[in-house]
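Position 244, counted from 1, in the sequence shown is what our numbering calls 301; the numbers after and before it change by one each time, with no gaps. Beta carbons: idealized from backbone N, C-alpha and C, even for Gly. Quantities reported herein were computed from a predicted structural model and do not represent experimental measurements. Heads up, the thing below is written out as structure tokens.
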Amino acid sequence: MTFTDFNLHPLVLDGISAMGYSKATPIQEQSIPIILEGKDLIACAQTGTGKTAAYLLPTMHQILSSKSRHLNALILAPTRELAQQIDQQAEGLSYFAGISSIPVYGGGDGFAWEQQKKAMEQGADIIIATPGRLLSQLQSKKVNIDHLQHLILDEADRMLDMGFYDDIVRIISYLPKKRQTLMFSATMPPKIRSLAKQILHHPVEINLALSKPAAGVNQIAYNTFDNQKLPLLKHILADAQFSSVIIFASTKDHVKQLDRELQKLPLGVKAFHSDLEQDTREEIMRDFKNRKLNVLIGTDVLSRGIDIEGISLVVNYDVPPDAEDYIHRIGRTARAATTGTAITFINEKDQFRFGKIEQLIDRVLPKTALPESMGEAPVYEPQKKRETHFKKNFSNKKR
Numbered sequence: 058m059t060f061t062d063f064n065l066h067p068l069v070l071d072g073i074s075a076m077g078y079s080k081a082t083p084i085q086e087q088s089i090p091i092i093l094e095g096k097d098l099i100a101c102a103q104t105g106t107g108k109t110a111a112y113l114l115p116t117m118h119q120i121l122s123s124k125s126r127h128l129n130a131l132i133l134a135p136t137r138e139l140a141q142q143i144d145q146q147a148e149g150l151s152y153f154a155g156i157s158s159i160p161v162y163g164g165g166d167g168f169a170w171e172q173q174k175k176a177m178e179q180g181a182d183i184i185i186a187t188p189g190r191l192l193s194q195l196q197s198k199k200v201n202i203d204h205l206q207h208l209i210l211d212e213a214d215r216m217l218d219m220g221f222y223d224d225i226v227r228i229i230s231y232l233p234k235k236r237q238t239l240m241f242s243a244t245m246p247p248k249i250r251s252l253a254k255q256i257l258h259h260p261v262e263i264n265l266a267l268s269k270p271a272a273g274v275n276q277i278a279y280n281t282f283d284n285q286k287l288p289l290l291k292h293i294l295a296d297a298q299f300s301s302v303i304i305f306a307s308t309k310d311h312v313k314q315l316d317r318e319l320q321k322l323p324l325g326v327k328a329f330h331s332d333l334e335q336d337t338r339e340e341i342m343r344d345f346k347n348r349k350l351n352v353l354i355g356t357d358v359l360s361r362g363i364d365i366e367g368i369s370l371v372v373n374y375d376v377p378p379d380a381e382d383y384i385h386r387i388g389r390t391a392r393a394a395t396t397g398t399a400i401t402f403i404n405e406k407d408q409f410r411f412g413k414i415e416q417l418i419d420r421v422l423p424k425t426a427l428p429e430s431m432g433e434a435p436v437y438e439p440q441k442k443r444e445t446h447f448k449k450n451f452s453n454k455k456r
């Protein structure tokens, strides 16, 4: 299905053409007609499926078709990086349409606050914001939201995971009750369904099954003891074929520790975490996108927070706690029909988790042998770990 089939405004189609889009993705094909009809929507689709354009295109069409211009749409996103990326995509798609957008997020200085405040007071068609900073701006009561027609929650599950539930509910209390509400989420846990019941009116539901990893991803796994992980990582990074690498660690402390160790290598390496100033985070992301940095280290926020093509290697230094996060992580590589490699280190305590991942992708990955110099690896026995996990839980219940 092509975008001309949706009967979108000609200026929107011009923006689509300029961005190089032609054929709609499944989430766009299913979502755009529903949004154009003015219905509320709850859509479950993973990162990288074209969700942003799925809601931006029909929203822009409706803005251009309205008789008067005012603050029309509010998009909530969990992170500054995602808010910036949505804004960049909005700018590209609306190049010919003259639709204005403002990103509103925290982490900057007082000047950034005043700049955002002034821009919101002067008005824009679309505001893209993180919940905390937007709530602060709304509480100033200088932002006119009386004519808001669209509320869009992007990565809704991630926002709830990050503790934004109360902020979202407070933000909604400021908004007109008569509006179109769209909720996009990569997963659909009970807390998302509960929020949807509160804020959506007779929504249409779209649920695209979590897709398997792209065929272009070469998935590799190593069984390791913890003290083997760092030497193995350095061994892998010494391979010159990997020019653009993302390393996922389980915690911010792990990220910082890896950063200290990898700074000793002759590579451009940077850690990406919430303790950094906003300007620093933006500079790191810009340098990585422009290939001035070879290696980026971060937590799972990165698995949904960036959209960069050409990443040649993803390393799961720690197995993700949620099997679906594995799909999001390795989906950073082999994007746009390219190829890439995803490597996972599995220590003894993470074998049960990785077994869950193999169940999800419906595939048992062969375990690659460690270099001889690193010694023996632990035996991979996820079933044994599952039994141990069950016995531990059963024992705790008996107590």
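Going along the chain, which residues of its own chain have a beta-carbon closer than 8 Å to the beta-carbon of K327, five neighbours each way excluded? As a working mapping, residue 327 is identified with position 270 in the sequence shown. Only D316, I341, D344, F345, L350, V352, L353 and I354 meet the Cβ criterion.
Reduced DSSP category for I99 - H, G, I as helix; E, B as strand; rest coil: The residue given as residue 99 occupies position 42 in the sequence shown. In this structure, I99 counts as strand in the three-state DSSP scheme.
Under 8 Å between the Cβ atoms of P428 and H292? For this step, residue 428 is matched to residue 371 along the sequence shown. For this step, residue 292 is matched to residue 235 along the sequence shown. For P428 and H292, yes; Cβs fall inside 8 Å.
Roughly how far, in whole angstroms, is the beta-carbon of A243 from the beta-carbon of D218, given that I think they are within contact range, below 8 Å? Walking along the sequence shown from the start, residue 243 turns up at place 186. Walking along the sequence shown from the start, residue 218 turns up at place 161. In fact, because the Cβ distance is near 11 Å, the residues do not count as touching under 8 Å.
Should V226 be labelled buried (16 or more other beta-carbon atoms within 10 Å of its own) or exposed? The sequence position of residue 226 within the sequence shown is 169, counting from 1. Exposed: under 16 other Cβ atoms inside 10 Å.
In the DSSP assignment, find the beta strand (DSSP E) that holds V470 and state where it starts and stops. The requested residue 470 does not occur in the structure, where the chain is confined to residues 58 to 456.
Using the C-alpha atoms, what's the distance from Q320 back to A186? By 1-based counting over the sequence shown, the position of residue 186 is 129. By 1-based counting over the sequence shown, the position of residue 320 is 263. So the alpha carbons of these two residues sit roughly 34 Å apart.
How about F409: is its Cβ closer than 7 Å to a heavy atom in the ligand HEM? In terms of ligand content, the structure shown is empty, and the ligand HEM therefore cannot be addressed.
Are the beta-carbon atoms belonging to V200 and M216 less than 8 Å from one another? The residue you call residue 200 lines up with position 143 of the sequence shown. The residue you call residue 216 lines up with position 159 of the sequence shown. Their beta carbons are not under 8 Å apart, which means V200 does not touch M216 by this criterion.
Using a threshold of 8 Å, state whether the C-beta atoms of I99 and E262 are closer than that. The residue you call residue 99 lines up with position 42 of the sequence shown. The residue you call residue 262 lines up with position 205 of the sequence shown. It is a contact, given that the beta carbons lie within the stated cut-off.
Find the nearest neighbour of L460 within the set T337, S301, L128 and D332, judged by alpha-carbon distance. There is simply no residue 460 to check, as the chain begins at 58 and stops at 456 in what is shown.
Rounded to whole angstroms, how far is the Cβ of N264 from the Cβ of I403, which I believe are closer than 8 Å? The residue given as residue 264 occupies position 207 in the sequence shown. The residue given as residue 403 occupies position 346 in the sequence shown. Wrong, their Cβ atoms sit about 30 Å apart, outside the cutoff.
Is it right to say A75 is buried, meaning 16 or more other beta carbons lie within 10 angstroms of its own, or is it exposed? Stepping through the sequence shown from its first residue, residue 75 is reached at position 18. Per the 10 Å Cβ criterion, exposed.
Is the Cβ-Cβ distance between Q87 and A110 less than 8 Å? The sequence position of residue 87 within the sequence shown is 30, counting from 1. The sequence position of residue 110 within the sequence shown is 53, counting from 1. For Q87 and A110, no; Cβs fall outside 8 Å.
Go ahead and pull the three-state DSSP assignment for Q237. Along the sequence shown, one-based indexing puts residue 237 at 180. It is a strand residue.
Do H207 and Q237 have their CB atoms nearer than 8 Å? Numbered from 1 along the sequence shown, position 150 holds the residue referred to as residue 207. Numbered from 1 along the sequence shown, position 180 holds the residue referred to as residue 237. Yes, the Cβ-Cβ distance between H207 and Q237 is below 8 Å.
Where L131 and I183 are concerned, what is the direct C-alpha to C-alpha distance, given to the nearest angstrom? By 1-based counting over the sequence shown, the position of residue 131 is 74. By 1-based counting over the sequence shown, the position of residue 183 is 126. Distance between the alpha carbons of L131 and I183 is about 6 Å.
C-alpha distance - Q298 paired with Q276, whole-angstrom precision: As a position in the sequence shown, residue 298 is number 241, starting the count at 1. As a position in the sequence shown, residue 276 is number 219, starting the count at 1. Straight-line Cα distance between these residues: approximately 16 Å.
What is the rounded straight-line gap between the Cα of F411 and the Cα of K198? Reading the sequence shown from its first residue, position 354 is the one you call residue 411. Reading the sequence shown from its first residue, position 141 is the one you call residue 198. In a straight line, the C-alpha of F411 is about 49 Å away from that of K198.
Measure the beta-carbon distance from V274 to T106 and round it to whole angstroms, keeping in mind my assumption that it falls under 8 Å. Taking the sequence shown and counting its residues from 1, one reaches residue 274 at position 217. Taking the sequence shown and counting its residues from 1, one reaches residue 106 at position 49. Incorrect: roughly 15 Å between the Cβ atoms, too far for contact.
Contact under 8 Å by Cβ, L121 with V69: Position 64 of the sequence shown holds residue 121. Position 12 of the sequence shown holds residue 69. Cβ distance < 8 Å, so L121 and V69 count as in contact.
Check whether K108 and A102 have beta carbons under 8 Å apart: Numbered from its first residue, the sequence shown carries residue 108 at position 51. Numbered from its first residue, the sequence shown carries residue 102 at position 45. Yes, these two residues count as a Cβ contact at 8 Å.
Does the distance from the CB of G77 to the CB of L150 come in under 8 Å? The residue labelled residue 77 in the question sits at position 20 within the sequence shown. The residue labelled residue 150 in the question sits at position 93 within the sequence shown. Their beta carbons are not under 8 Å apart, which means G77 does not touch L150 by this criterion.
Same chain, Cβ closer than 7 Å to P439, five either side skipped, listed in chain order: Position 382 of the sequence shown, counted from the start, is the residue given in the question as residue 439. Closer than 7 Å at the Cβ level, and outside the excluded window around P439, lie Q408, F409, F411 and G412.
Tell me which residue opens and which closes the alpha helix (DSSP H) that G432 is part of. Taking the sequence shown and counting its residues from 1, one reaches residue 432 at position 375. Unbroken run through G432: none, as it is neither H nor E.
Alpha-carbon spacing of R386 relative to T308, whole angstroms: For the purposes of this step, residue 386 is taken as the residue at position 329 of the sequence shown. For the purposes of this step, residue 308 is taken as the residue at position 251 of the sequence shown. Roughly 15 Å between the two C-alpha positions.
Who are the Cβ neighbours of P115 in its own chain at under 7 Å, not counting the five residues just before and after it? In the sequence shown, counting from the first residue as 1, residue 115 sits at position 58. The answer, listed in chain order, is I89, I92 and L93.
Going straight from the alpha carbon of I84 to that of D224, what length do you get? Start at 1 with the first residue of the sequence shown, and residue 84 comes out as number 27. Start at 1 with the first residue of the sequence shown, and residue 224 comes out as number 167. If I take the Cα positions, the gap works out to 28 Å.
Going by DSSP, name the residue or residues bridged to E438. The sequence position of residue 438 within the sequence shown is 381, counting from 1. The partner list for E438 (beta bridge, DSSP) is empty, contrary to what the question assumes.
To test your reading of the DSSP string, which unbroken beta strand (DSSP E) runs of 3 or more residues are found completely within the segment 267 to 293? 274 to 280
DSSP state of T61 mapped onto helix, strand, coil: Residue numbering aside, residue 61 sits at position 4 when the sequence shown is read from its first letter. Residue state, collapsed to three classes: helix.
DSSP state of V352, grouped into three classes? Position 295 of the sequence shown holds residue 352. It is a strand residue.
Which residue comes first and which comes last in the alpha helix (DSSP H) that contains A380? Looking up residue 380 in the sequence shown gives position 323. A380 -> alpha helix (DSSP H) spans A380 to I387.
What do you reckon, are the CB atoms on P270 and G388 nearer than 8 Å? For the purposes of this step, residue 270 is taken as residue 213 along the sequence shown, with counting starting at 1. For the purposes of this step, residue 388 is taken as residue 331 along the sequence shown, with counting starting at 1. Going by C-beta atoms, P270 is nearer than 8 Å to G388.
When burial is assigned at 16 or more other CB atoms within 10 Å of the CB, is T136 buried or exposed? In the sequence shown, counting from the first residue as 1, residue 136 sits at position 79. Buried.
Would you call the CB atoms of F221 and Y112 closer than 8 Å? As a position in the sequence shown, residue 221 is number 164, starting the count at 1. As a position in the sequence shown, residue 112 is number 55, starting the count at 1. Against a cut-off of 8 Å, the Cβ pair of Y112 and F221 comes out as no contact.
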